[in-house]
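Data block below; observations after.
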Amino acid sequence: MSCNSTNKNYRMDSEYLDIFEGRLEQEMLKLCSSYNMLCGTILATDDIDDKWRELAPEYMADAVLQINQYPSVAIAWAGYLGIAIAHGWDADWDAFKDVEYKSYYGERGFDDMDEHIIKNLLNIELESPQATAIEDMLRRCAQCAISMIRHEQIEGQTSVMFHIIARACKVMFRIGAAMELKRLGYKFEKVTLDN
Numbered sequence: 280m281s282c283n284s285t286n287k288n289y290r291m292d293s294e295y296l297d298i299f300e301g302r303l304e305q306e307m308l309k310l311c312s313s314y315n316m317l318c319g320t321i322l323a324t325d326d327i328d329d330k331w332r333e334l335a336p337e338y339m340a341d342a343v344l345q346i347n348q349y350p351s352v353a354i355a356w357a358g359y360l361g362i363a364i365a366h367g368w369d370a371d372w373d374a375f376k377d378v379e380y381k382s383y384y385g386e387r388g389f390d391d392m393d394e395h396i397i398k399n400l401l402n403i404e405l406e407s408p409q410a411t412a413i414e415d416m417l418r419r420c421a422q423c424a425i426s427m428i429r430h431e432q433i434e435g436q437t438s439v440m441f442h443i444i445a446r447a448c449k450v451m452f453r454i455g456a457a458m459e460l461k462r463l464g465y466k467f468e469k470v471t472l473d474n
């Protein structure tokens, strides 16, 4: 009987996390669309989403160390990682698909991943309006995530809190990737099949 109870709790936690993730993605999508960083749709590919599943354990190991002191950084940097992966997907996926997580670090490791990705990978000047717009948008999204997490009133230092933060990072990664795909000119188009 306890086995069934454990499975039931897992299903409820998984369902709860899925619902939270969906709500957060919709909020971030609305926010990004209101600033014209997205157009009401999350641009995504299986390649990019699969790369998050591969990189998430290493990313979360870094994020957990930052979450208490720098919660916005812990979540926002996942957006920068999404930007980097989407950029690589567009440029030459065969060359980028096997790039290791730590190659996205800056000179100071995780701490300046954001600057490294913007300056060295995207070749955007750090003080440019484009870099500032990206930074502002990812900061707003991270603040949105933190606000929604706090609203859930989950006890800190619990597995549920860890999983909520992991889901927020996953959404942030997808948002960053979608922003980069949009910046690169990708968009959804309705396809009609001729018989």
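At position 193 of the sequence shown the residue is numbered 472 (this note's numbering), and the sequence of numbers has no breaks. Each residue gets a CB set at the ideal place from its N, CA and C atoms; glycine is no exception.
Residue range of the alpha helix (DSSP H) that includes residue i
i: residue 359; result: 350-375
i: residue 329; result: 325-345
i: residue 429; result: 408-430
i: residue 385; result: Where residue 385 is concerned, there is no enclosing alpha helix (DSSP H), given that its DSSP letter is neither H nor E.
i: residue 450; result: 438-462
Nearest-angstrom Cβ-Cβ length linking residue i and residue j, presumed shorter than 8 Å
i: residue 512; j: residue 449; result: Within the shown structure, residues of the chain are numbered from 280 to 474, placing residue 512 beyond reach of any answer.
i: residue 303; j: residue 317; result: The pair is not a contact, with the Cβ atoms about 14 Å apart (cut-off 8 Å).
i: residue 266; j: residue 439; result: With the chain running from 280 to 474 in the structure shown, residue 266 is simply not present.
i: residue 326; j: residue 398; result: Going by Cβ atoms, the distance from residue 326 to residue 398 rounds to 25 Å, so no, they are not a contact pair.
i: residue 455; j: residue 346; result: Actually they do not touch by this definition, with Cβ atoms about 18 Å apart.
Option nearest residue i by Cα separation, candidates the options
i: residue 400; options: 357, 366 and 433; result: 366
i: residue 355; options: 436, 456, 439 and 421; result: 421
i: residue 343; options: 459, 466 and 443; result: 443
i: residue 379; options: 407, 335 and 458; result: 335
Check your understanding: With contact counted as at least three CB pairs below 8 Å, one residue from each stretch, are the region 419-430 and the region 343-357 in contact?
Key -> yes
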